[in-house]
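For the protein sequence lines, the chains are A and B, in the order given. According to the working numbering, the first sequence is numbered sequentially starting from 1. According to the working numbering, the second sequence is numbered sequentially starting from 184. What follows is a single structure, written as structure tokens, with notes after it.
2 protein chains.
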Amino acid sequence: MALEHAILVSLAERSASGYDLARRFDASIGHFWKASHQQIYKVLGRMESDGWVESQVVPQDGRPDKKVYVITDGGRAELVLFTSKATPPEHLRSEFAVKLRALPFGDAAAIVDDVRVRRRSHEQQLAYYADSAARFYPHPDDIPDHALGGWLVLRGGMLAEQAGIAWCDEILQRLAGDEDDER
Amino acid sequence: MALEHAILVSLAERSASGYDLARRFDASIGHFWKASHQQIYKVLGRMESDGWVESQVVPQDGRPDKKVYVITDGGRAELVLFTSKATPPEHLRSEFAVKLRALPFGDAAAIVDDVRVRRRSHEQQLAYYADSAARFYPHPDDIPDHALGGWLVLRGGMLAEQAGIAWCDEILQRLAGDEDDER
DNA sequence: CGTTGCACTGCAACGAGTTGCATAGTACGG
DNA sequence: CCGTACTATGCAACTCGTTGCAGTGCAACG
């Protein structure tokens, strides 16, 4: 139900086509809310009939036409409404946790391997966030209001990745005796 | 796709009816993988026709009959297969992050309130986990193999909640000037 | 000149998960 | 006796999201 709102935020920052949105979702916002282009097109259609956005076909040369979506007043009102309502509690949903509980009934060695892979991907993600932070927010103590949300979201991502790494380390210490503290 | 496996783990630990499973999912495992009873019944039916579980109707007095499910060899094999395959990377999906990005377009005061509520619920969850840990694993350095998975999952929950609290604190510091460091 | 890749939009079918409802017996408080 | 709550199972309808496919047209590679 939040995809609509993620798109609204994205369009409030800058008008875009479905294709553009899909690519934005691959890059920044998408690290916290994935969406495929099929889904984006579908939702954009619904949002247009709800009056949250309006579209206009823009011919391009050397490229197919694009349909640029612009947020409407109705869309902005919906965003305000969205932020003023309490977020329903989000519960974790971790297939990895299920796997851990399956330890006594499964392939322990494979699980340990999986933890190592997982640790590495957390590290990579963290490095990516740190890089984005350094690039887009070189002065963290002096961020203008309009950019604060982006910074805070990035911070949330970093904290989550760090927690993920710490978890993997605890698991490895228990399961692998911590022989290889690689990197 | 992991609900099947969560149920398999649960049944591997102890046979149960759909109703029992639903209650277990409300308690321990369910903090990491929620499922409603409707969904559990549906999935149990599919799992039975896949040969992963078998059921037997058990009459009770003073209560409706129950259908007790038992894991089969096929189900155990599936569990091994599940643990030996790499877990696909799980991406965060946070409506709350969307809300943060909506800061410049929405109701900032309401968002701050929401952060406070969220912080409190993280704290409550953490307290609950700490309590479970103290009760079920009084000697964390000496946990038998069959219980290790449960402990590690609990630890993951705690780390995630701590990260959530730290995030909320950073947000409040930025948005509310940190006037009230309540509790 | 053929293949690959990118920009751009979409539909159709499916699977996963939620919400609402149906049913039925027992037990307990008012 | 009536309403409520608990144990117990399940169906139907819906939304959300994924997967697979389809088509066009340009540009670059070999």
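Glycine included, C-beta positions come from ideal geometry on N, C-alpha and C.
Q | Candidates B/269, B/211, B/226 and B/252: closest to residue 315 of chain B by CA position | A | Counted from its first residue, the second sequence places residue 315 of chain B at position 132. Per the Cα distances, B/211.
Q) Name the DSSP bridge partner or partners of residue 71 of chain A? A) In the first sequence, counting from the first residue as 1, residue 71 of chain A sits at position 71. According to DSSP, residue 71 of chain A bridges with A/53.
Q: With a threshold of 16 other CB atoms inside 10 Å of the CB of residue 366 of chain B, please say whether the residue is buried or exposed.
A: As a first step, residue 366 of chain B must be located in the second sequence, where it is residue number 183. Summary for residue 366 of chain B: the model assigns pLDDT 43, below 50, so the residue's position carries little reliability; its value from the coordinates is reported in the next sentence. In summary, residue 366 of chain B is exposed, with fewer than 16 beta-carbon neighbours lying within 10 Å of its beta-carbon over all protein chains present.
Q: May I ask you to report which of helix, strand or coil DSSP gives residue 217 of chain B?
A: Reading the second sequence from its first residue, position 34 is the one you call residue 217 of chain B. In the structure shown, residue 217 of chain B sits in coil (DSSP, three-state: anything other than H, G, I, E or B).
Q. For residue 365 of chain B and chain A, any beta-carbon pair shorter than 9 Å?
A. Within the second sequence, numbered from 1, the residue matching residue 365 of chain B stands at position 182. Confidence at residue 365 of chain B is low in this model, with a pLDDT of 47, below 50, so the placement of that residue should be treated as unreliable; the coordinate-derived value is given next. No Cβ of chain A is located within less than 9 Å of the beta carbon of residue 365 of chain B.
Q: Taking 9 Å as the cut-off, decide whether the C-beta atoms of residue 102 of chain A and residue 295 of chain B are in contact.
A: For the purposes of this step, residue 102 of chain A is identified with residue 102 of the first sequence, where counting begins at 1. For the purposes of this step, residue 295 of chain B is identified with residue 112 of the second sequence, where counting begins at 1. Against a cut-off of 9 Å, the Cβ pair of residue 295 of chain B and residue 102 of chain A comes out as no contact.
Q. Using a C-beta to C-beta distance shorter than 7 Å, which residues of chain A count as neighbours of residue 304 of chain B?
A. Here the question's residue 304 of chain B lines up with position 121 in the second sequence. Simply 89.
Q) Of all the options A/159, A/11 and A/116, which has the alpha carbon lying nearest to the alpha carbon of residue 347 of chain B? A) Taking the first residue of the second sequence as position 1, residue 347 of chain B is located at position 164. Comparing Cα positions, the closest option is A/159.
Q) In chain A, which residues lie less than 8 Å from residue 290 of chain B when you measure between Cβ atoms? A) The count along the second sequence starts at 1 and reaches residue 290 of chain B at position 107. Per Cβ cutoff of 8 Å: 80, 83 and 84.
Q. Distance, Cα to Cα, residue 67 of chain A vs residue 46 of chain A?
A. Indexing the first sequence from 1 puts residue 67 of chain A at position 67. Indexing the first sequence from 1 puts residue 46 of chain A at position 46. The straight-line gap from Cα to Cα measures roughly 15 Å.
(Q) If contacts are defined as beta-carbon pairs under 8 Å, then residue 80 of chain A and residue 53 of chain A qualify, I think. What distance do you get, rounded to the angstrom? (A) Residue mapping note: residue 80 of chain A aligns to position 80 of the first sequence, counting from 1. Residue mapping note: residue 53 of chain A aligns to position 53 of the first sequence, counting from 1. By a beta-carbon distance limit of 8 Å, residue 80 of chain A does not contact residue 53 of chain A. Their separation comes to about 16 Å.
Q | Local Cβ density within 10 Å of residue 274 of chain B, reported as buried at 16 or more and exposed below that | A | As a position in the second sequence, residue 274 of chain B is number 91, starting the count at 1. Counting the other CB atoms within 10 Å of its CB gives residue 274 of chain B a total below 16, which places it among the exposed residues.
**Q.** The alpha helix (DSSP H) enclosing residue 7 of chain A, as first and last residue numbers
**A.** Taking the first residue of the first sequence as 1, we reach residue 7 of chain A at position 7. Annotation for residue 7 of chain A: the continuous alpha helix (DSSP H) segment containing it runs 3-13.
Q. Sorted by chain position, which residues of the same chain lie with C-beta nearer than 6 Å to residue 161 of chain A's C-beta, five sequence neighbours on each side aside?
A. As a first step, residue 161 of chain A is located in the first sequence; it is residue number 161 there, counting from the start. Answer for residue 161 of chain A: 122, 125 and 126, listed in chain order.
Q) Can residue 95 of chain A and residue 270 of chain B be called in contact, C-beta distance under 9 Å? A) Residue mapping note: residue 95 of chain A aligns to position 95 of the first sequence, counting from 1. Residue mapping note: residue 270 of chain B aligns to position 87 of the second sequence, counting from 1. A contact, by the Cβ cut-off of 9 Å.
(Q) Which same chain residues end up closer than 8 Å to residue 82 of chain A when comparing Cβ atoms and leaving out the 5 residues on each side of it in sequence? (A) By 1-based counting over the first sequence, the position of residue 82 of chain A is 82. If we look at residue 82 of chain A and ignore the five residues flanking it on each side, its Cβ neighbours are 5 and 8.
Q. Since residue 338 of chain B and residue 152 of chain A are thought to touch, with beta carbons under 8 Å apart, how far apart are those beta carbons, to the nearest angstrom?
A. As a first step, residue 338 of chain B is located in the second sequence; it is residue number 155 there, counting from the start. As a first step, residue 152 of chain A is located in the first sequence; it is residue number 152 there, counting from the start. With 8 Å as the limit, residue 338 of chain B and residue 152 of chain A do not qualify as a contact, their Cβ atoms being about 26 Å apart.
Q) Alpha carbon to alpha carbon, how far is residue 260 of chain B from residue 354 of chain B? A) In the second sequence, residue 260 of chain B corresponds to position 77, counting from 1. In the second sequence, residue 354 of chain B corresponds to position 171, counting from 1. Looking at the two C-alpha atoms, the distance is approximately 46 Å.
Q) Is residue 58 of chain A near the ligand FMN, in the sense that its beta carbon is under 8 Å from a heavy atom of that ligand? A) The ligand FMN is absent from the structure shown, which contains no ligands of any kind.
Q: Using a Cβ-Cβ cut-off of 9 Å, state whether residue 113 of chain A counts as contacting chain B.
A: For this step, residue 113 of chain A is matched to residue 113 along the first sequence. Contact of residue 113 of chain A with chain B is assigned, a C-beta pair being separated by under 9 Å.
Q) Under 9 Å between the Cβ atoms of residue 267 of chain B and residue 110 of chain A? A) Taking the second sequence and counting its residues from 1, the one referred to as residue 267 of chain B is at position 84. Taking the first sequence and counting its residues from 1, the one referred to as residue 110 of chain A is at position 110. With contacts defined as CB atoms closer than 9 Å, residue 267 of chain B and residue 110 of chain A qualify as a contacting pair.
**Q.** Counterpart residues of residue 108 of chain A in DSSP-defined beta bridges
**A.** Working through the first sequence from its first residue, we reach residue 108 of chain A at position 108. Note: residue 108 of chain A sits in no beta bridge, so no partner.
Q: Below 7 Å CB to CB, which residues in the same chain sit around residue 340 of chain B once its five sequence neighbours on both sides are set aside?
A: Counting from one through the second sequence, the residue named residue 340 of chain B turns up at place 157. Shown here for residue 340 of chain B: same chain residues with a beta carbon closer than 7 Å to its own, the five before and five after excluded, namely 214, 215 and 312 in chain order.
**Q.** Same chain, Cβ closer than 6 Å to residue 364 of chain B, five either side skipped, listed in chain order
**A.** Start at 1 with the first residue of the second sequence, and residue 364 of chain B comes out as number 181. With a pLDDT of only 49 at residue 364 of chain B, under the threshold of 50, the placement of this residue in the model should not be trusted; the figure read from the coordinates follows. Nothing listed; no residue qualifies.
(Q) Quick check on DSSP: helix, strand or coil for residue 121 of chain A? (A) For this step, residue 121 of chain A is matched to residue 121 along the first sequence. Three-state DSSP puts residue 121 of chain A in a helix.
Q.
Please identify, using Cβ separations under 7 Å, the residues of the region 348-359 of chain B that lie next to chain A, in order along the chain.
A. Contact annotation: in the region 348-359 of chain B, residues whose CB is within less than 7 Å of a CB in chain A are 349, 350, 353, 354 and 357.
Q: Check each candidate in B/231, B/234 and B/204 and name the one with the smallest Cα separation from residue 221 of chain B.
A: The residue labelled residue 221 of chain B in the question sits at position 38 within the second sequence. Among B/231, B/234 and B/204, the Cα nearest to that of residue 221 of chain B belongs to B/204.
(Q) Taking the alpha-carbon of residue 276 of chain B as reference, which of A/13, A/48 and A/34 has the nearest alpha-carbon? (A) In the second sequence, counting from the first residue as 1, residue 276 of chain B sits at position 93. Put simply, of A/13, A/48 and A/34 the residue whose alpha carbon is nearest the alpha carbon of residue 276 of chain B is A/34.
Q) Can you list the residues of chain A that residue 386 of chain B reaches, using a CB-CB cut of under 7 Å? A) In the structure displayed, chain B extends from 184 to 366; residue 386 of chain B sits before or after that span and is not available.
Q: Have a look at residue 283 of chain B and residue 242 of chain B and give me their C-alpha separation to the nearest angstrom.
A: Counted from its first residue, the second sequence places residue 283 of chain B at position 100. Counted from its first residue, the second sequence places residue 242 of chain B at position 59. In a straight line, the C-alpha of residue 283 of chain B is about 53 Å away from that of residue 242 of chain B.
Q) Cα separation between residue 231 of chain B and residue 119 of chain A? A) Within the second sequence, numbered from 1, the residue matching residue 231 of chain B stands at position 48. Within the first sequence, numbered from 1, the residue matching residue 119 of chain A stands at position 119. The alpha-carbon atoms of residue 231 of chain B and residue 119 of chain A are separated by roughly 35 Å.
Q) Would you say residue 145 of chain A reaches chain B, if we count a Cβ-Cβ gap shorter than 9 Å as a contact? A) As a working note, residue 145 of chain A is residue 145 in the first sequence. Yes, residue 145 of chain A counts as interfacial toward chain B.
Q) How big is the Cα-Cα spacing for residue 207 of chain B and residue 184 of chain B? A) If you number the second sequence from 1, residue 207 of chain B lands on position 24. If you number the second sequence from 1, residue 184 of chain B lands on position 1. Distance between the alpha carbons of residue 207 of chain B and residue 184 of chain B is about 19 Å.
Q) Can you name, in chain order, every residue of its own chain whose Cβ lies under 6 Å from the Cβ of residue 240 of chain B, other than the five neighbours on each side? A) Taking the second sequence and counting its residues from 1, the one referred to as residue 240 of chain B is at position 57. Non-local beta-carbon contacts of residue 240 of chain B in its own chain, meaning distances under 6 Å to residues more than five positions away in sequence, involve 248 and 250 in chain order.
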